[in-house]
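Peer 1: For reference, the structure I am asking about is given below.
Residue numbers (the working numbering): 74 to 229.
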């Protein structure tokens, strides 16, 4: 039988739900020591890459969306947001409305508003904030258009 149809092939040996970057580092350290592959995933469909299904049997699934879903900062002048992997387009938009920043920033949302901003950017390079122009009919282009920084967490 081809592995695509094998219900036991694409199964994690275990799933962890870290809450902090420190916990992610500890998990990566342990998996590195045990030479165990890790399959990180967050919220959204991600059907093109298999979603939460790992590619290698015996892989540890690391679900980053359940607890790591905080918005740390939204900067209007720089038109950027510092978010964790579980922050969705809907949750960032709700935050902009609640804080009154929706009048100053435009959040470009794909068809999957419940998906992860970081995950969407990783797959298609198309998650960004833009500043409204002074007449609010045009958006500024350039500044804030692309994701400029990702925090890479390794075992060290």
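Backbone N, C-alpha and C define an ideal beta-carbon position, used for all residues, glycine too.
Could you round the C-beta distance between residue 134 and residue 115 to whole angstroms and report it? I think they count as a contact, below 8 Å.
Peer 2: As a working mapping, residue 134 is identified with position 61 in the chain shown. As a working mapping, residue 115 is identified with position 42 in the chain shown. That pair is no contact at about 11 Å.
Peer 1: Please look up how many angstroms separate the CB atoms of residue 131 and residue 107, rounded, as I've assumed it's under 8 Å.
Peer 2: As a working mapping, residue 131 is identified with position 58 in the chain shown. As a working mapping, residue 107 is identified with position 34 in the chain shown. No, residue 131 and residue 107 are not in contact; Cβ-Cβ is about 10 Å, not under 8 Å.
Peer 1: Beta carbon of residue 142, beta carbon of residue 161: below 9 Å?
Peer 2: In the chain shown, counting from the first residue as 1, residue 142 sits at position 69. In the chain shown, counting from the first residue as 1, residue 161 sits at position 88. The answer is yes: Cβ separation under 9 Å.
Peer 1: Hey, would you say residue 85 sits closer than 9 Å to residue 127, going by beta carbons?
Peer 2: Position 12 of the chain shown, counted from the first residue, corresponds to residue 85. Position 54 of the chain shown, counted from the first residue, corresponds to residue 127. Going by C-beta atoms, residue 85 is nearer than 9 Å to residue 127.
Peer 1: Please name the residue or residues paired with residue 144 in a DSSP beta bridge.
Peer 2: To locate residue 144, count along the chain shown from 1; it is residue 71. Paired residues: 156.
Peer 1: Let's see if you can read the secondary structure: which residues bound the alpha helix (DSSP H) around residue 135?
Peer 2: The count along the chain shown starts at 1 and reaches residue 135 at position 62. That residue, residue 135, is in no alpha helix (DSSP H); its beta strand (DSSP E) goes 133-136.
Peer 1: Rounding to the nearest angstrom, what Cα-Cα distance links residue 82 and residue 155 in this structure?
Peer 2: As a working note, residue 82 is residue 9 in the chain shown. As a working note, residue 155 is residue 82 in the chain shown. C-alpha separation (whole angstroms): 36 Å.
Peer 1: Using alpha carbons as the reference points, say which of 152, 136, 157 lies closest to residue 145.
Peer 2: As a position in the chain shown, residue 145 is number 72, starting the count at 1. Closest by alpha carbon: 157.
Peer 1: Residue 111 and residue 101: beta carbons closer than 9 Å?
Peer 2: Taking the first residue of the chain shown as position 1, residue 111 is located at position 38. Taking the first residue of the chain shown as position 1, residue 101 is located at position 28. It is a contact, given that the beta carbons lie within the stated cut-off.
Peer 1: Roughly how many angstroms lie between the CA atoms of residue 175 and residue 153, to the nearest whole one?
Peer 2: Locating residue 175 in the chain shown gives position 102, counting from the first residue. Locating residue 153 in the chain shown gives position 80, counting from the first residue. C-alpha separation (whole angstroms): 13 Å.
Peer 1: For the candidate residues 180, 164, 172, whose alpha-carbon lies nearest to that of residue 187?
Peer 2: What you label residue 187 is simply residue 114 of the chain shown in a count that begins at 1. When each option's Cα is compared against that of residue 187, the closest is 164.
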